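Everything on this sheet refers to the single structure shown next.
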Amino acid sequence: MYECPIALTLGSSLSTNSTMEIQTLLQTKPLLVSQFNPLPQNTLPVTFKSSACITTARRQVYASAGTPQREKDPKKRVVVTGMGLVSVFGNDVDTYYDRLLAGENGITLIDKFDASKLPVQFGGQIRGFNSDGYIDAKTDRRLDDCQRYCIVAGKRALQDAALGGNERSKIDKERAGVLVGTAMGGLTVFADGVECLIKRGHRKLSPFTVPYMLPNMGPAMLAMDLGFMGPNYAISAACASSNFCFCAAANHIREGKADLMIAGGVEAPFSPFGIASFSACGALSKRNDDYKTACRPWDKDRNGFVMGEGAGVLVMESLEHAMKRDAPILVEYLGGAVNCDAYHIMSPRSDGLCVSTCIRSSLLDAGVSVEEVNYINGHATSTVTGDLAEIKAIKKVFKKIAGIKINATKSMIGHSLGAAGGLEAIATIKAIQTGWLHPSINQFNQEPGIEFDTVANQKQQHEINVAISNSFGIGGHNSVVAFSAFKP
């Protein structure tokens with residue numbers, strides 16, 4: 001038997017007993033349906049074991065065969081045609097990945113402000129960022145870095161997708177959207193506003209404080225610049241925000257509500273308030289005397305994550321739309337899923353149960369079997385509980401670990417919160433394209449029981465069949481997305 005959700009239409013033909021049985025099932029069985037991919041109206045999702053032909057919202061799955069079915073409709077197949085980023089390794093995608101492959105460490109002492117009295121004085125701080133050519137000087141002076149990074153990454157992604165300048169006339173702007181998430185929004189604008197209120201009074205507050213501290217203002221301003229009138233919003237799901245946006249953007253396309261979406265995440269948390277706040281809740285490593293090795297995923301001596309920042313976005317299109325405009329197709333987005341631990345405000349479930357369910361749901365959405373996956377870009381933040389919980393979850397799904405490689409992008413660039421999934425999706429796509437996996441650095445004394453090849457300290461060649469990228473957020477937000485090389 002093959003276990004999967006079915007859509008069971010409710011009608012007058014159902015007996016009272018049948019309805020009660022369905023209600024009992026709903027209370028006792030896990031639901032594998034995402035809020036971004038709901039079942040049709042007038043249906044109840046039920047986890048049911050059957051050898052019959054069953055129907056999900058997007059495709060028919062034949063349980064008797066037990067073989068996942070990938071999407072074949074070019075209107076519903078989603079491809080990635082462009083990538084854009086702002087990172088500690090610069091704003092060029094190829095340079096970013098080359099430096100990851102080299103195992104370069106992007107963690108430095110903070111010099112954006114005086115951090116000498118803070119308990120944490122280091123991170124993956126971006127230096128030398130310049131928005132020339134992407135944002136006009138007058139507007140730029142008012143913005144938080146959260147909007148700056150979003151706009152620059154978004155426009156660079158469009159250039160990569162052959163949609164720079166006049167090329168955008170090829171698309172219907174009413175069917176093009178922007179969906180870029182963030183955990184914190186315009187944190188520096190917010191903190192500066194509070195300080196101004198306390199020290200100088202309310203009359204001195206900038207009228208731009210409210211708009212530029214809002215999480216949605218990055219995608220809103222990018223859409224204003226581009227004239228994109230399709231779906232536009234930000235999802236704030238802490239460190240899972242980027243993957244939530246990929247899932248939502250893909251479903252806008254699959255449902256026929258958009259042809260093209262710019263999707264991903266952005267974060268700019270480097271302010272005294274941001275660093276002090278995360279330090280206060282015990283999330284950050286305080287290894288000030290050895291900051292280059294502070295982020296050490298899966299290592300016995302890990303003691304918290306290292307703050308990072310930046311933006312990572314993808315241009316996602318229906319295959320039909322991409323082919324009509326002869327777009328450069330980089331990879332195919334196969335599917336994804338989101339769910340929640342419903343457990344604790346800061347800590348993940350140590351058994352990895354809900355994460356494993358999220359992985360399975362993502363593979364179901366992607367039409368991919370467990371055996372097809374041979375690369376995982378791990379969430380791997382270097383926290384005591386989180387790293388092992390993720391490995392436990394992965395082991396629940398992948399019973400045979402031979403041939404599966406997992407690595408940690410954060411070991412080099414830090415944890416950029418809402419932007420992490422976007423930057424890691426780009427690393428995943430480059431791994432598919434190049435056949436090279438970047439190393440997980442700072443692997444000194446690995447936890448026993450990890451068992452997977454973590455690409456420790458040296459890059460490795462690896463032909464990827466299907467890759468998944470994990471992102472999990474404070475509050476128990478889980479997300480997994482799947483990519484593969486594009487095959488017509």
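Per the UniProt record's numbering, residue 1 is the first one in the sequence shown, and the count goes up by one each step.
Positions of the beta carbon are idealized from the N, C-alpha and C atoms, including for glycine.
Just so we're clear, the structure is a prediction, and the values are computed from it rather than from any experiment.
Q | Integer-rounded CB distance, given that methionine 307 should sit under 8 Å from glycine 124 | A | 7 Å
Q. Helix, strand or coil: how does DSSP classify asparagine 377 here?
A. strand
Q) Should serine 318 be labelled buried (16 or more other beta-carbon atoms within 10 Å of its own) or exposed? A) buried
Q: For the alpha helix (DSSP H) containing asparagine 251, list its first residue and its last residue.
A: 241-254
Q) CA-CA distance, asparagine 288 and aspartate 351? A) 31 Å
Q.
So, at 6 Å on beta carbons, what are the nonlocal neighbours of serine 382 in its own chain, with the 5 sequence-adjacent residues on each side left out?
A. Cys295, Arg296, Pro297, Arg302, Phe305
(Q) For a test of the three-state rule: what should DSSP assign to glutamate 424, helix, strand or coil? (A) helix
Q | Inter-residue spacing [alpha-carbon to alpha-carbon] between alanine 467 and alanine 238 | A | 23 Å
Q: Ignoring anything shorter than 3 residues or poking outside the region 446-482, list the beta strand (DSSP E) runs there in chain order.
A: 466-473
Q | Presumed contact (8 Å Cβ cut-off) between glutamate 174 and methionine 224, rounded CB distance | A | Rounded, the Cβ-Cβ distance is 15 Å, inconsistent with contact.
Q: Could you tell me which of Glu424, Leu222, Ser87, Ser484 sits nearest to glycine 367, measuring between CA atoms?
A: Ser484
Q | alanine 402 versus Thr454, Lys112, Asn130, residue with shortest Cα-Cα distance | A | Thr454
Q: Give the range of the beta strand (DSSP E) segment to which glutamate 267 is assigned.
A: 260-267
**Q.** Expected contact under 8 Å - CB spacing of alanine 161 and histidine 477 to nearest Å
**A.** About 28 Å; that fails the 8 Å criterion.
Q. Under a three-way DSSP split, which group does asparagine 202 fall into?
A. This sequence places histidine at residue 202; asparagine is not what is there. Correct three-state label for histidine 202: helix.
Q. Looking at the structure shown, is cysteine 358 part of a helix, part of a strand, or coil, going by DSSP?
A. helix
Q) With a Cβ-Cβ cutoff of 9 Å, do glycine 386 and proline 348 count as a contact? A) yes
**Q.** Unbroken alpha helix (DSSP H) run spanning glutamate 309, endpoints
**A.** Segment: none, glutamate 309 is in no alpha helix (DSSP H) and carries neither H nor E.
**Q.** Local conformation of glycine 218 per DSSP, three classes
**A.** helix
Q) Exposed or buried, what is histidine 344 when buried is set at 16 or more other beta-carbons lying within 10 Å of its beta-carbon? A) exposed
Q | Distance, glutamate 332 Cα to arginine 127 Cα | A | 33 Å
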